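Visitor: Can you keep this structure in mind? I'll have questions shortly.
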Amino acid sequence: MDFKEKFYQKLRRGFLEKDYEELDDLWLEMDHQIDRMRQEGLSEEEMLDNLGSPEEIIDDFYEDQKFETAMHAEKVVIPEEELKKVYKEKQRNSFNKKIDLMKRIAQKLFLNLFLLIDVYFASYFIVELLREKHISYITLILTIALTLCLFINRLHTKKRKIIAMCALFLTSFTLILLIAQKELLFYSGSQVDQKVTISPEKISQLSVDSNLPLTVTIIPTSSKNYSMELTGKMPQSAKLKVNEREIGKKHQQFSVNMYKIYSIFTKYSFLELMIHVPEKADLTKLNLDLACGYVEISQLNVNKLNVNIHKGSLLLDKTHQEKVNIQTVSADIISQNQTSKTIEIGNEHGKTIIKENKNSQISIESTSGFSSIQDSASANVNITNKTGKIAMIDSKIQSTTLKNNQGEILVLGQQGKTMISNNSGKIVIKNMEGELHANNETGATILTQSVPLSGNVASEKGIIKWIQNDSNNISFDIINLHGTTKSDFTKDKTKKYQVKVSSDSGDIKIINDNTQD
């Protein structure tokens with residue numbers, strides 16, 4: 013008869029029939045204790061020492077019952093100190109049981125998590141072997157190591173467990189180092205060189221999406237057909253998907269994607285995708301959706317251009333579109349010599365630079381990026397930022413709206429109507445022409461003007477400093493409630509250019525500098 017069965021039978025013979033239910037509750041706890049001690053490799057004698065003999069347990073149980081009866085009796089028949097001692101012991105035992113239960117639950121959860129990780133690495137190895145025809149050495153080593161850990165956990169003695177675990181760790185670590193030296197730790201894919209040709213009458217919309225890093229170049233060609241060339245190293249599973257495209261009467265879609273769940277040990281390198289678009293193509297829409305990409309589009313005429321890049325860069329050079337929509341997280345955008353009618357850009361943390369743009373409605377939204385309009389002549393510009401920087405340089409914009417929270421706004425040589433709203437950042441304006449409306453709540457506003465302009469500048473408690481050179485046709489109306497004011501100008505309603513400067517508690521300084529170049 014097994015040790016556990018013998019122990020239980022002795023207990024049952026010593027208990028009264030009316031107490032069998034309580035015996036079962038007690039045995040449930042003792043059963044877990046015996047299993048735990050067996051896993052730790054304790055002998056039967058050692059387990060008896062920890063548990064106590066069946067006779068001792070029976071005596072303790074009925075002694076506890078006697079004390080329990082005495083505690084609830086009308087007349088105490090046992091000394092109070094003894095009762096307190098027994099009560100404290102019972103409380104201590106109850107607490108220890110709860111701790112043991114929590115330990116067992118945590119141990120089972122940890123073992124289950126360990127098993128799930130082991131299954132993941134095993135499935136990773138099998139999937140890569142079948143799908144990529146490649147042996148993933150690191151997942152093979154990890155699978156074997158984790159499986160052996162589960163078996164080592166079943167050893168009876170702690171000493172054996174520690175020795176086995178140390179040996180397994182050293183062996184696995186040594187093998188991983190050797191594999192890393194052989195450059196076999198990460199899978200890099202196989203070389204691909206594919207070309208796809210499409211006749212122009214079958215396409216008016218072209219879409220490309222990828223979660224692999226791509227370098228995309230889109231250029232015009234004298235050929236009558238569209239063509240796409242993909243070169244570089246990539247996983248086999250992604251390679252097979254290059255030719256899978258959604259063919260409709262007018263829509264062509266190309267996908268270069270890979271399952272991310274089995275790619276943590278894949279080393280990605282940039283693939284090069286070149287798209288040739290016929291010079292006289294009637295392309296109404298071009299969509300690019302890339303996780304990581306470096307995109308260059310040159311001399312392209314398309315009705316709608318939609319670009320979504322998580323990170324990377326985008327260069328638009330000498331292109332024309334009716335509408336451009338660009339959305340990025342941390343990509344850098346450069347647009348030059350563009351004649352699009354509508355440009356909408358959302359760039360959270362990257363740089364957005366638009367140069368030599370003509371006749372566009374431009375809208376830029378950013379969180380902490382840098383937005384700049386340079387040498388452009390557009391109808392309307394609207395830039396909204398939070399903590400980034402905004403720069404308007406040597407541009408002729410009919411209407412400009414710049415909004416920032418804590419960043420800096422720089423306006424140099426701007427012509428037109430300009431509206432600026434800032435919270436705590438700095439506003440710097442130099443040689444602006446036209447009409448200005450600026451409100452900077454707590455930040456500094458500094459203007460250096462060689463030509464006069466009209467408008468108003470307001471601040472709650474920020475400093476306003478205005479240096480004016482051509483001062484003959486300009487008048488300043490200054491209102492300052494609590495701050496200090498110094499001005500070389502007086503209010504004159506007959507002047508052509510009227511400026512209102514107001515502040516709640518900031519300092520205002522207006523300087524007439526006829527010596528400025």
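Counting in the numbering used here, the sequence shown runs without a single skipped number right up to 529 at its last residue.
No residue lacks a Cβ here, since even glycine has one placed at the ideal position from N, Cα and C.
Computed from a prediction, not measured in an experiment: that's the story for all the values here.
1. Can you find the residues in the same chain that come closer than 7 Å, C-beta to C-beta, to Ile259, ignoring five residues on each side of it along the sequence?
2. Spell out the partners DSSP gives Gly9 in its beta bridges.
3. Using the Cβ count rule (16 or more neighbours within 10 Å means buried), how would you classify Ser388?
4. To the nearest angstrom, report how far apart Lys429 and Thr233 are at their CA atoms.
5. Just to confirm, does Phe122 get its C-beta within under 7 Å of one of the non-hydrogen atoms of the ligand MG?
6. Note down the Cα distance separating Thr151 from Leu125, rounded to an integer number of angstroms.
7. Alpha helix (DSSP H) containing Ser184: first to last residue?
8. So Lys477 and Ile458 are in contact, right, with Cβ under 8 Å, and what is the actual spacing, rounded?
9. Using DSSP's beta-bridge definition, name the partner residues of Glu377.
10. Could you spell out where the beta strand (DSSP E) holding Asp504 opens and where it closes?
11. Tell me, please, which residues DSSP counts as bridged to Phe382.
12. Can you check DSSP and say which residues form a bridge with Met246?
13. Enumerate in chain order the residues of its own chain whose CB-to-CB distance from Asn443 is below 6 Å, with the five nearest sequence positions on each side excluded.
14. If I follow the unbroken beta strand (DSSP E) through Met49, where does it start and stop?
15. Of the residues Ile188, Gly244, Ile231, which one's Cα is nearest the Cα of Asp205?
16. Can you list, in chain order, the residues of its chain with a C-beta nearer than 6 Å to that of Ser436? Leave out the 5 residues immediately preceding and following it.
17. Taking the straight line between their C-alpha atoms, what separation do you get for Asp529 and Ser483?
18. Thinking just about the alpha-carbon of each residue, which of Gln203, Thr412, Glu213, Val307 is nearest to the one in Asp221?
19. Do the segment 154 to 167 and the segment 198 to 212 touch if we need at least three Cβ pairs shorter than 8 Å?
20. Given Val530, which residues of its chain have a CB within under 6 Å of its CB, disregarding the five upstream and five downstream residues?
21. In terms of residue numbering, what span does the beta strand (DSSP E) encompassing Ile321 cover?
22. Using a threshold of 8 Å, state whether the C-beta atoms of Ala293 and Pro212 are closer than that.
23. Quick check on the burial criterion: 16 or more other C-beta atoms within 10 angstroms. Buried or exposed for Glu29?
24. Around the Cβ of Lys438, are there at least 16 other Cβ atoms within 10 angstroms (buried) or fewer (exposed)?
25. Consult DSSP for Ile259 and reduce its assignment to one of helix, strand or coil.
26. Classify Gly26 as helix, strand or coil using the three-state DSSP reduction.
27. Mind checking who Pro290 pairs with in its DSSP beta bridge?
28. So Leu302 packs on Ile321, CB below 8 Å; how close in whole Å?
29. Quick one: what does DSSP say Gln21 is sitting in, helix, strand or coil?
30. For the beta strand (DSSP E) holding Asp344, just list the boundary residues, first then last.
31. If we ignore side chains and look at the alpha-carbon of each, how far apart do Gln21 and Asp14 end up?
32. Taking the alpha helix (DSSP H) that Phe530 falls in, what are its first and last residues?
Guide: Based on what the coordinates show:
1. The predicted position of Ile259 is uncertain, since its pLDDT is 49 and thus under 50; a value taken from the coordinates is nonetheless stated next. Counting only Cβ-Cβ distances below 7 Å, and skipping sequence neighbours, we find nothing.
2. In the structure displayed, the chain extends from 13 to 529; residue 9 sits before or after that span and is not available.
3. By the 10 Å Cβ count, Ser388 comes out buried.
4. 41 Å
5. The ligand MG is not part of the structure shown, which contains no ligands of any sort.
6. 17 Å
7. It spans 170 to 193 - the alpha helix (DSSP H) in which Ser184 sits, taken as one unbroken run.
8. 5 Å
9. Gly358, Thr396
10. Premise fails: Asp504 is in no beta strand (DSSP E) and is neither H nor E.
11. Lys363, Lys401
12. Ser202
13. Correct list, in chain order: Gly425, Ser462.
14. Segment 32 to 51 is the alpha helix (DSSP H) holding Met49; no beta strand (DSSP E) there.
15. The residue with the shortest Cα to Cα distance from Asp205 is Gly244.
16. Gln418, Thr454, Gly455
17. Caution applies to Asp529, whose pLDDT of 43 falls short of 50 and renders its modelled position unreliable; the model cannot decide the point.
18. Val307
19. no
20. Absent from the structure is residue 530, since the part of the chain shown begins at 13 and ends at 529.
21. 313 to 329
22. yes
23. Around the beta carbon of Glu29, fewer than 16 other beta carbons lie within 10 angstroms, which makes this residue exposed.
24. buried
25. With a pLDDT of 49 at Ile259, under the threshold of 50, the modelled position of this residue cannot be trusted; read the value that follows with caution. Residue state for Ile259 is assigned as coil, using DSSP reduced to three classes.
26. Three-state result, Gly26: helix.
27. DSSP lists Thr233 as partners of Pro290.
28. 5 Å
29. helix
30. 344 to 348
31. The alpha-carbon atoms of Gln21 and Asp14 are separated by roughly 11 Å.
32. Not covered by the structure: residue 530. The range shown for the chain is 13 to 529.
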